[in-house]
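Data block below; observations after.
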Amino acid sequence: MDRSEFVQINQQQHHMTASVLQNFCNLLVHVSSVLHICRI
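When we follow full-length UniProt numbering, the leftmost residue of the sequence shown carries the number 1, and every step to the right adds one.
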């Protein structure tokens, strides 16, 4: 495996991690808003 291949794989993994984090944040916001509605 040469260096450019390694960098490409690394970027793909980073992109996946970023999207997972974004989905997780969206989920947290959704859950907190639902809990807020339930508390009222």
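Don't be surprised by glycine CBs; every beta carbon is placed ideally from N, CA and C.
Express the C-alpha separation of residue j and residue i in angstroms, rounding to a whole number.
| i | j | result |
| --- | --- | --- |
| residue 38 | residue 19 | 29 Å |
| residue 31 | residue 14 | 26 Å |
| residue 3 | residue 22 | 29 Å |
| residue 7 | residue 26 | 29 Å |
| residue 5 | residue 24 | 29 Å |
| residue 52 | residue 28 | No statement about residue 52 is possible, as the shown extent of the chain runs from 1 to 40 and does not include it. |
| residue 16 | residue 36 | 30 Å |
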